[in-house]
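The sequence shown begins at 132 in this note's numbering and counts up one residue at a time.
Built from N, CA and C at the ideal position, the CB exists for glycine as well.
Report on the following structure.
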Amino acid sequence: MRKNLKNKVTIFLLACMTLVLSACGKQEPIKIASKPMTEQYILTEIIAQLIEAETDYDVEITKGVGGGTTNIHPALVKGEFDLYPEYTRTAWLNVLKKEEMEKDDDKLYEMLLTEYDALGLTWTGLYGFSNTYGLAVRQETAEQYGLSTYSDLAAASGELIFGGNPDYIELETGYPRLCQAYQMQFKDTKQMEIALKYEALTNGEVDVINAFTTDAQLAANELVLLTDDSVFFETFDAGTVVSKEALEKYPDLKGVLEKLNGLITEEEMQRMNYEVEVDGKEDKEVARQFLESKGLVNN
């Protein structure tokens, strides 16, 4: 009886030791961070779901890190996060603190790779879209005045009202610089909070607003994003920043992240933002549907 009991205890202890050893040997999850904005929530879900579909790695997402780049970058350097979506010129200005802006996108990206290498970080490529400044008008306004470019807008600006958030209207590098570059002279300007700009545009209170090229509301058919024909606004290309330590720790990670290169257009990012912000879908669901549409995960 005692012998049987002893055997059972031994077996139980061995089982416990096996579980403990197994737990100790289990790899930590890949830690992904995002800034506090819808677009970033969707991008981190796309990254996470693709990693889980392609590898055996576990993934942990921290969404909406306050301060965005300001707090995520130091945490990445410390190893608290492994990767996050970033924008090239945000990195150039806010991380590297560069005062001179390189106009050539390809050169800027190559310089980013060199600078980030010294920080123990790298970029695994760019998604294919840029989230930068733009100008939007109603479809009816575009048709009435024949607007498709900023130059077209300049010619008609005397008939139109420009609406924008106070920071943009008053900032020397914002509205004043835009008007000077394109010789725009609007009939009037109206200042309003960011959240109210699109409502004011659709209601006809203003005719033109400053926007970001992947804003959710731009996915609506009645709005037109004009072409920056003199390339006034610099592009902020989106891509993945990852620590080199993480790439060594997770050998299959780089190949998965590179599958995102050139995968997302501005129109697709607009639409996904719209589905979350306007249609009320979950970012996780929108990300899944996007990956399915690209044949990267199964239906």
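{"Asked": "Using 10 angstroms around the beta-carbon of Met315, count the other beta-carbons present and answer buried if the total reaches 16, otherwise exposed.", "Found": "buried"}
{"Asked": "Identify the residues that DSSP records as bridge partners of Ala206: which are they?", "Found": "Answer is none; Ala206 lacks a bridge partner."}
{"Asked": "What do you get for Ser361, buried or exposed, if any count of 16 or more other CB atoms within 10 angstroms of its CB means buried?", "Found": "exposed"}
{"Asked": "In angstroms, rounded to a whole number, what distance separates the CA positions of Ala154 and Thr345?", "Found": "Here Ala154 scores only 46 on pLDDT, less than 50, and its place in the model is too uncertain to base an answer on."}
{"Asked": "Taking the alpha-carbon positions, what's the Val387 to Glu416 distance?", "Found": "20 angstroms"}
{"Asked": "Tell me, please, whether the region 407 to 414 touches the region 171 to 182 by the rule of three or more beta-carbon pairs shorter than 8 angstroms.", "Found": "yes"}
{"Asked": "Can you tell me where the alpha helix (DSSP H) with Gln171 in it begins and where it stops?", "Found": "169 to 185"}
{"Asked": "Exposed or buried, which one is Met400 when buried takes at least 16 other CB atoms within 10 Å?", "Found": "buried"}
{"Asked": "Give me the residue from Leu394, Val372, Leu391, Tyr258 with the minimum Cα distance to Tyr215.", "Found": "Val372"}
{"Asked": "Thinking C-beta only, is Val337 closer than 8 angstroms to Gly294?", "Found": "yes"}
{"Asked": "Identify, in the order they occur along the chain, each residue of the same chain with its Cβ nearer than 6 angstroms to the Cβ of Glu217, setting aside the five sequence neighbours on each side.", "Found": "Val372"}
{"Asked": "When you compare each of Ile340, Asp237, Lys162 to Gly367 by their alpha carbons, which one comes out closest?", "Found": "A small correction: the amino acid at residue 367 is Phe; Gly does not occupy that position in the sequence shown. That would be Asp237, whose Cα lies nearest to the Cα of Phe367."}
{"Asked": "Within the same chain, show all residues whose beta-carbon is closer than 6 angstroms to that of Phe212, passing over the 5 residues directly before and after it, in chain order.", "Found": "Lys162, Ala164, Ala206"}
{"Asked": "Go ahead and label Lys328 buried or exposed: buried means 16 or more other beta carbons lie within 10 angstroms of its beta carbon, across all protein chains shown.", "Found": "buried"}
{"Asked": "Report all residues from its chain with a CB closer than 6 angstroms to the CB of Asn429; omit the five preceding and five following residues, and keep chain order.", "Found": "none"}
{"Asked": "Evaluate Asn296 with the Cβ neighbour count: other Cβ atoms within 10 Å of its Cβ, from every protein chain shown; 16 or more gives buried, anything less gives exposed.", "Found": "buried"}
{"Asked": "I'd like to know whether the C-beta atoms of Gln275 and Glu353 end up nearer to each other than 8 angstroms.", "Found": "no"}
{"Asked": "Give the secondary structure of Ile292 by DSSP, where H, G and I count as helix, E and B as strand, and everything else as coil.", "Found": "strand"}
{"Asked": "Going straight from the alpha carbon of Ser288 to that of Phe317, what length do you get?", "Found": "5 angstroms"}
{"Asked": "In its own chain, which residues sit with a C-beta less than 8 angstroms from the C-beta of Gly251, not counting the 5 before and 5 after it?", "Found": "Val208, Ser374, Lys375, Glu376"}
{"Asked": "On a Cα-Cα basis, can you pick out the residue from Trp223, Ala312, Ile203 that is closest to Phe235?", "Found": "In the sequence as displayed, the identity of residue 235 is Asp instead of Phe. Selected option, being the one with the closest Cα: Trp223."}
{"Asked": "Grab the span of the beta strand (DSSP E) containing Glu217 for me, first residue to last.", "Found": "214 to 218"}
{"Asked": "What ranges does the beta strand (DSSP E) occupy inside the region 243 to 309, keeping only unbroken runs of at least 3 residues that lie completely in it?", "Found": "252 to 261, 264 to 269, 292 to 295"}
{"Asked": "Kindly indicate which residue of Asn262, Tyr258, Gln311 has the alpha-carbon position closest to the one of Leu394.", "Found": "Tyr258"}
{"Asked": "Mind reading off the beta-carbon distance from Ile192 to Ala184? Whole number of angstroms is fine, and I expect it under 8 angstroms.", "Found": "Wrong, their Cβ atoms sit about 15 angstroms apart, outside the cutoff."}
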